[in-house]
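There are 2 protein chains.
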Amino acid sequence: MEALTINEAASTTGWSPRMLRYVEQAGLVAPERSAAGYRLYGAAELQRLRTLKELLSEFEITLSDVAFARRLASDSGLRRAVDGWLAARPARPEHVQAEDWLRFEQEKHERLLAAAGA
Amino acid sequence: MEALTINEAASTTGWSPRMLRYVEQAGLVAPERSAAGYRLYGAAELQRLRTLKELLSEFEITLSDVAFARRLASDSGLRRAVDGWLAARPARPEHVQAEDWLRFEQEKHERLLAAAGA
DNA sequence: AAAACCTTGACACGGCCGTGGTAAGGTCAC
DNA sequence: GTGACCTTACCACGGCCGTGTCAAGGTTTT
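Protein sequences appear in the order of chains Z and F. Under this note's numbering, the first residue of the first sequence carries the number 31, and numbering increases by one thereafter. Under this note's numbering, the first residue of the second sequence carries the number 31, and numbering increases by one thereafter.
Take a look at the structure:
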């Protein structure tokens with residue numbers, strides 16, 4: 031069975047080794063460990079890392095966003111509270127709303143892209 | 031019918047006027063506007079602002095988190111993609127995971143509280 | 001018409017995020 | 001047993017978040 035070490039995994043997924051550790055810390059992709067503590071990425075993890083990358087760029091979301099979604103999914107108390115708040119009266123002027131928070135959420139990415147010189 | 035102006039609303043909700051504008055920009059609580067453009071907070075908005083505040087402190091989450099939850103709730107494509115990713119193989123070592131991301135998500139707040147001298 | 005309040009826009013600032021790099025020290029392969 | 005690779009821990013840095021404050025200009029009230 032082939033399990034890639036962190037640098038190999040980095041090469042095949044496009045993440046940097048540094049980011050792989052960061053992603054693990056965020057609780058999103060945690061590879062098995064060897065007896066000595068080496069990270070061992072199996073096929074499942076590699077796939078997960080690739081799809082994670084697509085997910086982030088396709089929807090312009092961040093690791094923190096996914097981490098929060100994870101928390102939402104696993105903490106039903108939190109989910110109920112948040113969904114409940116959102117479901118309550120949806121704040122009067124609905125049009126302004128949609129327009130505004132959309133810009134709010136997108137702005138950072140536009141700035142990032144601009145800064146990245148894309 | 032009584033509708034409070036931004037400073038009055040700030041007083042009764044505990045938010046600062048600046049934050050009220052920020053919360054609106056984040057698309058979370060958007061008050062009606064007078065003909066001249068003055069924000070007019072009704073009972074519903076005031077209640078919403080108070081519960082929002084409780085929500086944030088009770089679960090140690092941020093405005094951005096709620097904004098993202100809102101996006102998740104209103105963009106089914108996004109929700110399906112994220113939930114799908116999370117639902118897929120839940121990353122091997124489940125224990126490390128839970129432990130780790132929990133710390134990851136909580137650390138910032140601990141630091142915030144510490145910094146705030148609480 | 002002046003005082004008091006509102007609006008948007010901008011500057012500021014500490015702190016965290018995403019990222020890279022490096023150091024000190026274990027592990028693996030040959 | 002030496003070189004290549006891994007691990008954790010820490011410093012650095014640009015950019016955004018949450019927040020305050022101030023300026024320039026309308027509105028409301030008296």
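Built from N, CA and C at the ideal position, the CB exists for glycine as well. These numbers were taken from a predicted model, which means no experiment stands behind them.
Proximal residues to residue i (C-beta, below 7 Å), its chain only, five neighbours per side dropped
i	result
ALA40/F	SER46, PRO47 and LEU50
GLY57/F	ALA97 and ARG100
SER64/F	LEU70
SER106/F	none
Partners in chain F for residue i, counting only beta-carbon separations shorter than 7 Å
i	result
LEU108/Z	PHE89
Neighbour list for residue i in chain Z, Cβ cutoff strictly below 9 Å
i	result
ALA103/F	VAL112, ASP113, LEU116 and ALA117
Cutoff 8 Å; reference residue i; Cβ partners in own chain excluding five residues on either side
i	result
LEU93/Z	TYR52, VAL53, ALA56, LEU58 and LEU86
LEU82/Z	VAL53, LEU58, VAL59 and VAL96
ALA103/F	ARG109
THR35/Z	TYR68, ARG69, LEU70 and TYR71
ARG80/Z	THR43 and GLY44
ILE91/Z	LEU85
Burial state of residue i (16 or more Cβ within 10 Å)
i	result
GLY110/Z	Before going on, a small fix: residue 110/Z reads as Arg here, not Gly. So ARG110/Z ends up on the exposed side.
ALA60/Z	buried
ALA146/Z	For ALA146/Z, the predicted model reports a pLDDT of 48, less than 50, meaning its position is unreliable; a value from the coordinates is still stated below. Under this definition ALA146/Z is an exposed residue.
THR43/F	buried
ARG69/Z	buried
GLU75/F	buried
HIS125/F	The predicted position of HIS125/F is uncertain, since its pLDDT is 49 and thus under 50; no value can be drawn from it.
GLY114/F	exposed
Chain F residues whose Cβ lies nearer than 8 Å to that of residue i
i	result
THR81/Z	TRP115 and ALA118
LEU85/Z	ALA111, VAL112 and TRP115
Chain-order list of residues whose beta-carbon lies under 6 Å from that of residue i (same chain, five-residue window excluded)
i	result
GLU62/Z	LEU70
ALA148/Z	At ALA148/Z the pLDDT is 39, less than 50, meaning the model places this residue with poor confidence and gives no usable figure here.
ASN37/Z	PRO47
Margin query: Which complete alpha helix (DSSP H) runs does the region 45-120 of chain F hold, if anything under 4 residues is left out?
Written below: For secondary structure counted as the alpha helix (DSSP H) over 4 or more consecutive residues, the region 45-120 of chain F holds these complete runs in sequence order: 47-55, 73-89, 93-104 and 106-117.
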